[in-house]
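Undergrad: One structure, pasted below without further comment.
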Amino acid sequence: MWCLALFYTLIDQVYASKQKDQADWSEWHDMHLMAKRVLEKDIDAYFIVIDEFRPLDDLVEFGSSFEFGTDDENEIHVSFEINATKVIPEKAISLTKTGKLSEKAMSKTAYYDLLQDYVCSCALRIARDMFALLPVRDVYVHVFENRLNSSTGHEEKVVILSARYDLPTVNHLNFDQLDPSDALTNFQHAMSFKKTKGFEEVQIIGG
Numbered sequence: 633m634w635c636l637a638l639f640y641t642l643i644d645q646v647y648a649s650k651q652k653d654q655a656d657w658s659e660w661h662d663m664h665l666m667a668k669r670v671l672e673k674d675i676d677a678y679f680i681v682i683d684e685f686r687p688l689d690d691l692v693e694f695g696s697s698f699e700f701g702t703d704d705e706n707e708i709h710v711s712f713e714i715n716a717t718k719v720i721p722e723k724a725i726s727l728t729k730t731g732k733l734s735e736k737a738m739s740k741t742a743y744y745d746l747l748q749d750y751v752c753s754c755a756l757r758i759a760r761d762m763f764a765l766l767p768v769r770d771v772y773v774h775v776f777e778n779r780l781n782s783s784t785g786h787e788e789k790v791v792i793l794s795a796r797y798d799l800p801t802v803n804h805l806n807f808d809q810l811d812p813s814d815a816l817t818n819f820q821h822a823m824s825f826k827k828t829k830g831f832e833e834v835q836i837i838g839g
């Protein structure tokens, strides 16, 4: 009886292993076919891969949202809507000489400086992620922000940064040393930024 029980246990294990192997092979086969479609620059496959891998989900946690689009196999457009209130603090915290925490309103220049760093670093990160995922030549990143239109009393989405990142230039950058805002000078872009007013509305490029 003991030998018979062991036999049936081994049969169950072999069957389970066979099912796992079949599932693994099926997954590999599907991924192989999808990779082939992507390398052949099938635009529909681009969107399937983006939806499958969801490379920007960690930014969504900070209240950002994304839209992807293209009708050209060599480029991808990413519209990125920021939610500054979730990522940029309005107050600065420091230690006094006695070791106590001091909290005060952040200056406009400090706030807008942080906002610019965040927007530009996100735009560059988006471009790098798209180049890592898709065989495109250019990544267009368009950054939107909701703003109150005082003439209508309604919030409207305005473009505060639009940039075209090309693969050769991105590959040439030293990401350990660069400043994301300064790095924009290497690319075609539209941005109007003032230290005491922040971003002003610009026009989308490559639209």
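Just so it is clear: in the sequence shown, position 19 is 651 by my numbering, and no numbers are missing. Just so you know, even glycine gets a beta-carbon here, dropped at the ideal spot from N, CA and C. Remember, it's a predicted structure, so these values are computed and weren't measured experimentally.
If you reduce the DSSP assignment to three classes, tell me which class Ile725 lands in.
TA: Sequence index remark: in the sequence shown, residue 725 carries index 93 (1-based). Three-state result, Ile725: strand.
Undergrad: Quick test of your reading: Val751 and Ile714, contact by CB under 8 Å. State the CB separation rounded to the nearest angstrom.
TA: One-based indexing of the sequence shown puts residue 751 at position 119. One-based indexing of the sequence shown puts residue 714 at position 82. So it is a contact: roughly 6 Å between Cβ atoms.
Undergrad: Under 8 Å, with one C-beta from each stretch per pair, do the region 698-712 and the region 770-782 reach the 3-pair mark?
TA: The region 698-712, when compared against the region 770-782, does touch it at the 8 Å Cβ threshold.
Undergrad: With a threshold of 16 other CB atoms inside 10 Å of the CB of Ile792, please say whether the residue is buried or exposed.
TA: Numbered from its first residue, the sequence shown carries residue 792 at position 160. Answer is buried; the Cβ neighbour count reaches 16.
Undergrad: Using the three-state DSSP reduction, which class does Asp674 fall into: helix, strand or coil?
TA: One-based indexing of the sequence shown puts residue 674 at position 42. Correct three-state label for Asp674: coil.
Undergrad: Mind listing, in chain order, the continuous beta strand (DSSP E) runs of no fewer than 3 residues lying wholly within the region 783-838?
TA: 786-798, 820-822, 824-826 and 830-832
Undergrad: Out of Ile675, Lys829, Ile680 and Met823, which one is the CA nearest neighbour of Ile837?
TA: As a position in the sequence shown, residue 837 is number 205, starting the count at 1. Nearest in C-alpha terms to Ile837, of all of Ile675, Lys829, Ile680 and Met823, is Met823.
Undergrad: Does the region 734-744 touch the region 665-672, meaning 3 or more C-beta pairs lie closer than 8 Å?
TA: no
Undergrad: Near Leu688, what residues of its chain come up, given a Cβ to Cβ distance below 7 Å and the 5 sequence neighbours on each side ignored?
TA: Taking the first residue of the sequence shown as 1, we reach residue 688 at position 56. Cβ within range, chain order: Phe698, Ile758 and Asp761.
Undergrad: Secondary structure at Ser753, three-state DSSP: helix, strand or coil?
TA: As a working note, residue 753 is residue 121 in the sequence shown. DSSP places Ser753 in helix when its eight states are reduced to three.
Undergrad: Check for me: the alpha helix (DSSP H) holding Leu850 runs from which residue to which?
TA: Absent from the structure is residue 850, since the part of the chain shown begins at 633 and ends at 839.
Undergrad: Given a cut-off of 9 Å, decide if Glu777 and Phe831 are closer than it, judged by their beta-carbon atoms.
TA: Taking the first residue of the sequence shown as position 1, residue 831 is located at position 199. Taking the first residue of the sequence shown as position 1, residue 777 is located at position 145. A contact, by the Cβ cut-off of 9 Å.
Undergrad: With DSSP collapsed to three states, give me the class of Ile720.
TA: Here residue 720 refers to the residue found at position 88 of the sequence shown. In this structure, Ile720 counts as coil in the three-state DSSP scheme.
Undergrad: Answer yes or no: do Lys718 and Ala737 have a C-beta to C-beta separation smaller than 9 Å?
TA: As a position in the sequence shown, residue 718 is number 86, starting the count at 1. As a position in the sequence shown, residue 737 is number 105, starting the count at 1. No, Cβ-Cβ distance for Lys718 and Ala737 is not below 9 Å.
Undergrad: Is Arg769 helix, strand or coil by DSSP?
TA: Residue 769 sits at position 137 when you count from the first residue of the sequence shown. It is coil, neither helix nor strand.
Undergrad: Classify Glu684 as helix, strand or coil using the three-state DSSP reduction.
TA: By 1-based counting over the sequence shown, the position of residue 684 is 52. The answer is helix: DSSP assigns Glu684 an H, G or I state.
Undergrad: How big is the Cα-Cα spacing for Lys652 and Met666?
TA: Sequence index remark: in the sequence shown, residue 652 carries index 20 (1-based). Sequence index remark: in the sequence shown, residue 666 carries index 34 (1-based). About 21 Å.
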